[in-house]
Structure formats: C-alpha cells, structure tokens
Amino acid sequence: MGDRRTILQRWVKGHDGNPGNEAADSLARQATTLKVVGPEPIVPIPFSVTDSPLCRACMEKNETPTHVMLECTGVTEQREIYLGSPATIPEILSNLGGMLGFWNELGWLE
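Numbering follows our numbering, with no gaps: position 55 of the sequence shown is 45.
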C-alpha cells in the first residue's frame, strides 16, 4: 500500500431500531456460523446486474474470483500493474493493497 494509499477504518453505528435492518443484521450474524461450500475462495466481487454469468471484461468465461484475478485476458494489463503475474489466489491475497488497487482500477469496488 505504501505511500499511494491511506485506509481509514471507523465504526459507525447503524440500523439502530429499524426492524428490517435489525433482521438483516441478525441473518448476517447467523451466516457467519455457516460452513462455506464451493470451489472458489471467498473474495468479495460486486457482480453487476445481469442475467449472464460471463465475465464483464472478456465475455469468454464465467466471472469468478479465480478467473478475474488469474486468467481473464480482458484485464491482463491492469492485473500486471497491480498484482504482477500471480500464480495462485493465496499469492494475490498476500498483496491486499495490490488486490484492492486492481479491483478499484476495474471499477468493481462500488
């Protein structure tokens, strides 16, 4: 992250007293106790509103964390700038600043 990025983390109390938000919070807390099932690592990807599972950058394969971060030809240049030439997901996750910069560059951190 170095001298290009500053991250400020603050706790802001929210959802106080709103029945719908309180219910959402309760469900979210329950979800943290569930076992994760699936082939992909859990990496937040803000998917666009679309019926297609295809990658927005290349439209060739399904948009999964592994595809976008390691394989997608549509984001090769951005991936190399922020992540170099990663070979594995753990390698990418060890470079949090690069990963966040990559997603921000793509405009997918909204």
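Built from N, CA and C at the ideal position, the CB exists for glycine as well.
Every value quoted in this text rests on a predicted model; they were computed, and no experiment measured them.
Contact check, residue i vs residue j, beta carbons under 8 Å
{"i": "I79", "j": "L73", "result": "no"}
{"i": "L60", "j": "N52", "result": "no"}
{"i": "A47", "j": "C62", "result": "yes"}
{"i": "L99", "j": "W93", "result": "yes"}
Coil, strand or helix - residue i by DSSP
{"i": "N52", "result": "strand"}
{"i": "T44", "result": "Thr is not the amino acid found at residue 44; the sequence shown has Leu there. Correct three-state label for L44: strand."}
{"i": "T78", "result": "coil"}
{"i": "G88", "result": "helix"}
{"i": "W98", "result": "coil"}
{"i": "Q(-1)", "result": "coil"}
{"i": "T63", "result": "helix"}
{"i": "R19", "result": "helix"}
Residue environment, residue i, which counts as buried when at least 16 other CB atoms sit within 10 Å
{"i": "S38", "result": "No answer about S38 holds up, because its pLDDT of 46 lies below 50 and its placement is not dependable."}
{"i": "G91", "result": "buried"}
{"i": "R(-6)", "result": "exposed"}
{"i": "R69", "result": "buried"}
{"i": "T54", "result": "buried"}
Which listed residue (the options) has its alpha carbon closest to that of residue i
{"i": "G64", "options": "G87, R19, N85 and L96", "result": "L96"}
Extent of the continuous alpha helix (DSSP H) run through residue i
{"i": "T66", "result": "T66 to L73"}
Residue i: CB within 7 Å of a non-hydrogen atom of the ligand COA
{"i": "G91", "result": "The ligand COA is absent from the structure shown, which contains no ligand whatsoever."}
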